[in-house]
Every structure is written in structure tokens, then in C-alpha cells.
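Enquirer: Here it is: the structure, laid out below.
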Amino acid sequence: MPVLFVFLFVYSGYAQEKEPLKMKVLNGITSLNKTGSDQTDTWIDFKHTDGAFTVKMPLPPQEVKKELANSTHPGYPPYLINLYVAVDSVNLVSYLVRYNDYPAGLYLADKSLAFNSVIKELESKGKIIKAPIVVFKDGYEGRKVDLSIAETYMQIQVYARGNRIYLLMKQNVNSAQAAVEDQFFDSFHFEKYAPNKGVAFSVGNIDLIMPEKPFKSIDVKDEDSSFLKEDNIYYATNKNSGGVYAIEAGELSKYARIKELDSIYTKVVASVKSTGDSVYKITDFQIGNIKGKEYYSVNNIAGTEKRNRIWINNNQFYFQTANAVNEEISSSDVNDFFNSVKIKPGGKLFDLQASKAALIIGDLKSKDTLVSNAAYNALTTYGFEKSELPLIYSALKNKYTNDTVRNGTRALLIESLISTNDEHTVANLKGVFDDKSNADLVRASVLSYITDIDKNSYDWYFNSLFTNKPLQLENYWPVFSPLRDSLSYSAEHIDELVGLLDVNVYRDDVLSVLSNMIDTEDKTRYTTLIQGHKQPISAKALDDLDLFLKEYGTDNQKEAALKLYSYLNILPTLDLPRLTDEFTNKLLAVDSISYVHRLCMIARIKTGLVLDKEKLNSQLDSLYSRYDLMKAFNEVGNLKAVPLKYRKHEEFAKLLLYNYVAEDYDYPESIQLIGTAKETSGTYYVLGFSYTEEGVKKEYVGVVGPFDNQADELKFESYDSFTNYEPKKEDWQSQSKELIAELNKIK
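Here you go:
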């Protein structure tokens with residue numbers, strides 16, 4: 144008897160997650176129908192109402208339903224797989240139509256990722272005979288692929304229709320060759336969705352119609368950091384379409400203050416926005432005397448649309464959404480879902496615009512940790528107003544149990560004063576710092592933020608830093624932020640700043656300020672100042688290096704390493720070649736710290752020291768380090784010291800895009816030239832780069848340019864790189880033109 148391999152493809156994506164398609168194999172469905180015909184004119188029309196499709200098959204198919212556990216989201220409903228199988232035992236050809244929806248609460252996030260996952264899984268089971276190609280059926284995208292598995296030949300087509308995946312398979316069980324062409328694939332078409340009756344459901348103080356009995360989300364929301372409490376989300380899937388419907392009902396936190404409802408509506412929509420969502424319509428709606436906002440969005444990545452409604456009634460918050468294809472979004476099922484909402488009496492009267500500051504400040508002092516923690520978390524979302532500042536000043540005089548931890552209560556209160564302050568703010572902050580009974584972390588917060596609040600406080604800040612005993616902190620970086628933020632002030636006080644190098648706990652951060660001066664556009668002015676202090680700046684360089692080498696591999700390594708980066712940037716400016724030579728050679732001699740070898744080579748290039756050819760070639764061979772070395776050679780006017788193969792336009796374009804996407808997103812796994820695009824401004828190089836996401840390799844396209852025709856010359860910093868992270872298309876030429884146009888708009 145012929146063996147039919149039945150593939151169950153399951154792709155899950157909850158919210159913005161993109162999880163890989165899983166493939167299971169159902170063993171041993173054999174000869175489900177023992178009669179067949181080689182005459183296609185005798186084939187039957189098979190129409191499935193719930194599946195919303197029609198297809199011709201050689202004989203009536205047998206239905207197989209399979210329930211698969213939801214391994215990616217334990218606790219969620221299982222996947223329900225629907226298969227329709229016909230085996231033509233005369234010609235030994237098997238036919239399969241399979242579809243599945245996503246369990247309630249899950250939806251398709253990326254159809255291309257789903258298709259790629261199918262192909263990848265097929266490749267792991269057999270041999271691809273015909274490469275996958277993009278196909279469309281009744282306007283819906285899919286993939287077509289042929290493969291050989293266990294000496295049989297399979298032709299497969301898979302389609303995404305909203306949150307429903309369809310798979311068609313034709314298998315020649317008798318041969319490793321394709322079966323004779325017939326009408327199976329061409330006859331498959333999507334049908335209109337059948338109307339869904341729905342069920343009555345109540346939540347909060349509303350009644351509405353859901354497509355089926357809903358599933359309550361088990362995801363736990365952090366109530367303290369939300370403006371909601373007792374938040375409940377219910378999901379339901381339309382069994383006739385796969386569309387995902389949801390209603391969220393929550394009670395506003397007692398600390399919630401909403402001055403403008405539109406602002407909170409916008410924040411909610413942003414919080415549930417998936418990658419690729421684009422809002423195309425915003426309207427007002429009204430249920431009785433309750434007003435709300437309605438948003439429509441389209442997602443080309445998933446091939447779906449969303450319709451959302453948000454409204455607040457007293458202390459009750461509601462968010463209603465449907466995620467489906469366009470034809471369903473405009474259907475009676477979706478309209479009934481939204482228009483069926485009936486508001487019942489209920490909910491507590493709640494003044495949305497009233498101040499909650501006194502309530503928060505009072506609860507911060509509560510001995511009940513549940514209450515004080517809720518008030519603490521409210522500090523991160525509550526926007527204080529000027530009229531409430533006296534309450535903050537009063538709270539700053541209190542001591543809290545979390546004063547000794549980073550981002551404690553008073554640290555958050557001090558930070559909140561950056562956006563809201565008055566003529567009394569600075570005096571109150573100085574009082575907090577001058578009170579030495581306060582925890583050092585609290586006093587450090589004053590130093591970190593006071594110049595953000597009042598630029599005229601720089602002298603007080605610097606004097607406090609210079610004349611007071613160093614605070615006991617694990618990290619002094621925030622305390623020195625004002626000096627990094629205003630390098631001009633640091634330059635004006637260079638003598639005092641360099642003097643702080645003698646304070647061991649400050650030296651890392653003083654060096655970082657000096658290093659920042661060298662990297663700024665106004666570095667010519669700062670370079671002269673730094674060179675005038677070369678002796679005190681370099682005095683402890685070798686001691687600090689020896690300490691690093693001694694502590695390398697210990698818990699103290701990271702702290703010691705921070706000085707290295709600054710020294711390697713500063714030493715070339717100090718024009719101390721002997722010191723730079725000794726410093727860098729000590730580091731280059733330790734193979735296990737290769738991560739600083741790039742900086743050592745750059746320091747040697749800038750200082751004009753002899754370069755080890757093997758180490759130089761190794762650094763230039765790496766896309767990770769090549770740009771920085773080429774930049775160093777360019778800065779000293781010796782770019783031609785870089786081998787020609789790296790200075791070629793196409794190779795440099797590849798390097799520029801590599802660094803661009805690395806800084807913007809992540810280092811790509813691969814990058815290669817696709818072609819060029821000619822513009823009046825010059826030549827743009829079109830490059831493909833890839834990432835593996837959830838086990839699937841995805842290729843994108845970027846452009847770099849414009850380059851002129853002088854192939855042996857590089858205008859080092861005159862080229863632009865750009866990508867919008869759209870997957871590579873077959874017509875990459877048109878895609879590159881669109882990218883160049885988009886780049887020119889934002890230049």
C-alpha cells in the first residue's frame with residue numbers, strides 16, 4: 144500500500160512575536176480511498192464551508208482532524224489541524240488540502256517568515272527539486288516548491304490568508320518523478336467566508352457578541368507599572384475565517400491621571416502595534432453617551448488588517464480589536480462584534496484629570512509594601528505638574544528603604560524635576576546634597592541631574608565634586624554626565640579636571656571626558672589643551688595597564704578595562720610615541736584580549752609607529768575592524784597604505800553598509816553585492832545582507848553611494864548608506880530605486 148506523508152505545519156505568533164513554523168509528521172495514513180480514476184473529467188468538486196475553499200479531487204476526500212499541543216505557548220488552546228485527503232490508488236497519487244487557524248490569542252505576524260520556515264523544514268526532510276517561487280491565489284501570497292522525500296515526488300503549495308495557513312500537496316507515491324499534470328492545484332480557490340453566529344459574552348460592565356466562547360489570556364501584566372489594574376484580556380477565533388478577536392477590560396489604577404483622552408488612546412495603540420503596522424484611518428465613535436477612538440491599520444508583513452476601538456467609562460477601560468484580512472474587517476461578523484457592545488450601569492465615578500500626587504506621595508511612606516511599591520512604580524508613569532512640586536520637595540526630605548539602591552524613590556523624584564521645576568527646585572536639591580545623613584546614591588542623583596534642571600548650576604556642581612570627599616558608589620558614570628554633556632565647561636576647567644585624575648575612583652570617568660573631547664568636532668581646540676597636560680594625564684597610564692593585566696580574568700577586569708579604551712584614544716594626541724609603543728605592545732602580546740587589538744593598531748597608526756603586518760592584515764580582513772583602521776589611515780593622510788582590494792568602491796560600499804546596519808540593528812551574518820544603480824549623482828551599490836531570525840535566514844537589501852567613476856579614489860566620509868529592512872525582492876532594481884529615493888528624502 145502507498146504511504147502518504149501528511150505534513151502538519153503550525154506557525155504561531157503572539158502579539159509582535161515571530162515564532163518558527165513547526166512541522167510534525169503523521170505516520171502511516173495508507174490508502175484512505177481504495178478506488179481511483181485516471182480520468183480528470185470524473186473528478187468531484189469539493190467545497191468546504193468552514194475552510195472557505197473549493198478544489199477538484201479525484202474522489203471524495205476523507206477528513207482527518209488532529210489536535211496539536213501548543214508547545215510555544217503552554218496554557219494556550221491547542222492547534223486544530225484540518226486535513227482532507229484523497230488517494231488515487233490507480234495512479235498511486237495522493238492529494239491533500241490542509242488548513243489551520245491559530246489558537247485563540249495567537250496570530251500570524253510575518254507571512255514570509257512562515258513560508259521560509261516551511262521551506263527550511265522541507266529541506267530538512269528531503270531534497271528540494273525545484274526552488275521555491277512566489278505564487279498568488281485569488282490575491283493571496285504563497286510559495287510553490289517541489290521536493291523528493293523517501294523516493295516519492297511531492298509538489299507543495301502553501302498560502303497565507305490572514306491568520307489561516309493553507310497547504311496543498313500532490314504526492315507521486317510510485318515514483319521519484321512528478322505525477323502527470325492535472326487540475327488539482329489550478330482548481331483550488333478561496334471562497335467567501337461563511338457568516339459566523341457568535342456567542343453572547345459579558346466582561347466588566349459591557350455585553351457583546353464574540354465569535355466563540357473566548358479564552359482568557361494567562362499573560363501576567365505588571366499592574367504597578369501600568370495605568371490599569373485587574374486587567375483581563377479575552378480572545379476568540381472565528382472558526383469560519385481564522386480571524387482573531389479580542390476584548391480587554393481593565394480598571395484604572397487609583398494613580399491614573401489622564402489630561403487628554405486622545406493622548407492615552409495614542410499610547411495604547413502604540414503599545415499594541417506590531418512590526419509593520421501602519422494606521423490608515425482614525426475616527427471617533429460613540430456608544431450611548433460614551434465617546435472613544437477607532438483605529439484602522441494595515442500590516443503588509445502579515446497580510447492582515449486591524450480594527451481597534453478604545454474607550455473609558457468612569458474607572459473602566461476597554462480595548463476591542465479584530466485582526467483579519469480586509470474582506471473580513473469589512474464584513475458583518477466584524478461589524479457585529481463591534482456594534483454589539485452594550486454598556487451596563489457600573490463602574491466607580493473617577494475624576495481622570497484630578498491630581499494624584501498627594502495620593503502617590505502619601506503611599507510612598509506606607510509600611511505596607513504592596514501599597515508603597517505600587518506608589519513607587521507609579522512614579523515612572525505619572526507626570527507631575529508645577530502645582531504639585533511642593534509635595535515632591537516634602538517627599539525629598541523623607542528617607543526611604545530603597546535610598547541605597549539605584550533608581551530608588553528619591554532618585555526618581557529628583558529625575559522627575561528635569562521636566563517639571565520652578566524657582567525653588569535648585570535650592571531644594573542643594574539641601575538634599577548638603578545633608579550628609581542622606582544616602583550617597585541620593586546625593587549622587589543631585590549631582591547627576593542638577594545641571595539638566597538649571598544650566599547655571601554648573602559651578603556649584605563642579606565645586607561640590609571637586610571639594611567634597613568622593614561618594615561611595617559602585618558606578619561614578621552618572622556623576623560625571625554633566626562634564627560629558629558640556630565639554631566646553633570641562634575645557635574651561637581643564638586644570639581642576641585633570642587634578643581629579645589623582646582620585647582613583649574618578650580616574651575612569653575623567654579619562655572618558657578627555658577622550659570625548661578628542662572625538663568631538665571641536666577637537667582642535669581641545670587637543671591643544673590636552674597636549675598641555677600630557678604629563679599628569681599619562682602619569683599613571685602604565686600603572687593602570689599593569690593593574691588591568693594583573694586583574695584580567697577576575698571580577699575587577701571590566702572596571703580596569705574602562706581606562707584602557709580612554710588611554711588608547713588619548714595617547715596618540717599626547718604625542719608620546721615611546722609610551723604609546725610600550726603601552727600597545729604589552730596589550731598586543733596578549734592573544735586572549737584581541738578585543739582591544741583593534742584600538743592598539745589604531746593608536747599605532749595615528750602615532751606613526753611600526754605595524755606588525757600579520758596583525759594588521761588580520762584586522763583589515765575583518766569587516767568588524769576594517770573601517771576603523773581605514774579611518775585612522777585616512778586621518779593621517781595615508782589611506783593608500785590600505786591594500787587596494789579594500790579600497791575598491793564595491794568593497795568599501797559593503798563595509799559601509801555592514802557598519803550602518805550593525806549600528807542601527809545588529810551585525811549581519813552575511814553581506815554581498817547584488818548589483819549597481821545608476822543615478823545622475825553617481826553610482827549606488829546595491830547590497831544584500833542577512834540575519835537568521837527564529838531559525839530562518841532572511842535577506843534584506845540596502846544601498847550605498849553615490850560613488851564617482853574614479854575607482855582608485857575614496858571620498859572617505861562622503862557616501863550614504865540606507866536600508867528600510869524590507870526583504871529582498873526579485874525585482875531588486877526597482878527596489879533599489881525606491882531605497883535611493885527614500886534616502887534622498889531624509890538626507
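Be aware that the sequence shown starts at 144, since it is given in our numbering, and climbs by one per residue. Beta carbons: idealized from backbone N, C-alpha and C, even for Gly.
Do Leu560 and Asp583 count as a contact pair if the criterion is CB distance below 7 Å?
Expert: Cβ atoms of Asp583 and Leu560: not closer than 7 Å.
Enquirer: Using 8 Å for Cβ pairs, my map puts Ile736 next to Ala775. What's the rounded Cβ distance?
Expert: Rounded, the Cβ-Cβ distance is 20 Å, inconsistent with contact.
Enquirer: Less than 7 Å separating the beta-carbons of Ile352 and Ser483?
Expert: Yes, these two residues count as a Cβ contact at 7 Å.
Enquirer: By Cβ distance below 6 Å, which residues in the same chain neighbour Lys893 in space, the five residues on each side in sequence not counted?
Expert: Residue 893 is absent from the model: the chain starts at 144 and stops at 890.
Enquirer: Go ahead and label Leu450 buried or exposed: buried means 16 or more other beta carbons lie within 10 angstroms of its beta carbon, across all protein chains shown.
Expert: Looking at the sequence itself, residue 450 is Arg, so the reference to Leu does not match. Classification of Arg450: buried, given that the 10 Å Cβ count is 16 or more.
Enquirer: Let me check one thing: in DSSP terms, what residues is Tyr827 bridge-paired to?
Expert: Ala820, per the DSSP bridge assignment.
Enquirer: Exposed or buried, Glu448, counting other C-beta atoms within 10 Å across all chains shown (16 or more means buried)?
Expert: It is buried - the Cβ of Glu448 has at least 16 other Cβ atoms within 10 Å.
Enquirer: Counting only the same chain and skipping the five closest in sequence on each side, list residues whose C-beta sits under 8 Å from that of Leu722.
Expert: For Leu722, where only same-chain residues beyond five positions count, the Cβ hits under 8 Å are Ser681, Ala684, Leu685, Leu714.
Enquirer: How long is the line joining the alpha carbons of Ser864 and Val548, rounded to whole angstroms?
Expert: Cα to Cα, the separation comes out at about 43 Å.
Enquirer: Classify His740: buried if its beta carbon has 16 or more other beta carbons within 10 angstroms, exposed otherwise.
Expert: Buried, since its Cβ has 16 or more Cβ neighbours within 10 Å.
Enquirer: Tell me, please, which residues DSSP counts as bridged to Phe279.
Expert: Its beta-bridge partners are Glu284.
Enquirer: Any contact of the region 257-271 with the region 223-243, i.e. 3+ C-beta pairs under 8 Å?
Expert: Flag = no, the region 257-271 and the region 223-243 do not touch.
Enquirer: Which residues does DSSP list as the beta-bridge partners of Gln762?
Expert: BP columns for Gln762 are empty, so no partner.
Enquirer: Would you mind reading off the limits of the alpha helix (DSSP H) that contains Ile401?
Expert: Unbroken run through Ile401: none, as it is neither H nor E.
Enquirer: Where do the N-terminal and C-terminal ends of the beta strand (DSSP E) with Thr192 fall, by residue?
Expert: Run containing Thr192: none; DSSP gives neither H nor E here.
Enquirer: For Ala784, I'd like the list of residues in its chain whose CB is within less than 8 Å of its CB, leaving aside the five on either flank, ordered along the chain.
Expert: Within the same chain, Ala784 has close Cβ partners Phe776.
Enquirer: Closest by CA to Glu822, which one among Thr523, Gly848, Arg790?
Expert: Selected option, being the one with the closest Cα: Gly848.
Enquirer: Could you tell me which uninterrupted alpha helix (DSSP H) segments, each at least 4 residues in length, are contained entirely in the region 835-867, listed from first to last along the chain?
Expert: Counting whole runs of 4 or more residues, the region 835-867 contains no alpha helix (DSSP H) stretch at all.
Enquirer: If you draw a straight line from the C-alpha of Thr418 to the C-alpha of Leu640, how long is it?
Expert: Each residue's Cα considered, the two are about 46 Å apart.
Enquirer: What's the C-alpha gap between Ile883 and Val846?
Expert: Going by the C-alpha atoms only, they are around 7 Å apart.
Enquirer: Determine the DSSP secondary structure at Asn611, reduced to helix, strand or coil.
Expert: Of the three classes helix, strand and coil, the one that applies to Asn611 here is coil, per DSSP.
Enquirer: Can you find the residues in the same chain that come closer than 6 Å, C-beta to C-beta, to Tyr632, ignoring five residues on each side of it along the sequence?
Expert: If we look at Tyr632 and ignore the five residues flanking it on each side, its Cβ neighbours are Tyr601.
Enquirer: What span of residues does the alpha helix (DSSP H) with Gly574 cover, start to end?
Expert: Taken as a continuous stretch (DSSP letters only), the alpha helix (DSSP H) holding Gly574 covers 568-577.
Enquirer: Based on the DSSP secondary-structure assignment, which residues constitute the bridge partners of Trp454?
Expert: Gly435, Tyr461.
Enquirer: With a CB to CB cut of under 8 Å and the five nearest residues on each side skipped, what residues in its chain are close to Phe358?
Expert: Here the set comprises Tyr219, Pro220, Pro246, Ala247, Gly248, Tyr377, Tyr378, Ala379.
Enquirer: For my contact list, Tyr649 and Tyr619 are in at a C-beta cut-off of 8 Å; report their separation, rounded to the angstrom.
Expert: Indeed they touch by this definition, with Cβ atoms about 6 Å apart.
Enquirer: Check Tyr133 in the structure and name its three-state DSSP category.
Expert: Residue 133 falls outside the range modelled here, since the chain spans only 144 to 890, and no answer is possible.
Enquirer: Quick one, are the C-beta atoms of Val342 and Ala392 less than 7 Å apart?
Expert: No, Cβ-Cβ distance for Val342 and Ala392 is not below 7 Å.
Enquirer: Beta carbon of Leu223: closer than 6 Å to some heavy atom of the ligand FAD?
Expert: Ligands are entirely absent from the displayed structure, and the ligand FAD is therefore not among its contents.
Enquirer: Would you mind working out which of Lys840, His792, Lys888 sits nearest Asp851, comparing C-alpha positions?
Expert: Per the Cα distances, His792.
Enquirer: Return the CA-CA distance between Met312 and Lys335, expressed in angstroms with no decimal places.
Expert: Looking at the two C-alpha atoms, the distance is approximately 22 Å.
Enquirer: How long is the line joining the alpha carbons of Val153 and Leu816, rounded to whole angstroms?
Expert: Residue placement at Val153 is poorly supported in this model, since its pLDDT is 42, which falls under 50; the coordinates are not used for a value here.
Enquirer: Using three-state DSSP, classify Asp225 as helix, strand or coil.
Expert: The sequence given here places Asn at residue 225; Asp does not occur at that position. Of the three classes helix, strand and coil, the one that applies to Asn225 here is strand, per DSSP.
Enquirer: Could you give the DSSP three-state label for Ser559: helix, strand or coil?
Expert: In this structure, Ser559 counts as helix in the three-state DSSP scheme.
Enquirer: In whole angstroms, what separates the C-alpha of Phe189 from that of Asp374?
Expert: The straight-line gap from Cα to Cα measures roughly 45 Å.
Enquirer: Are the region 237-246 and the region 302-312 in contact at 8 Å, needing three or more beta carbon pairs?
Expert: Enough Cβ pairs lie closer than 8 Å, so yes.
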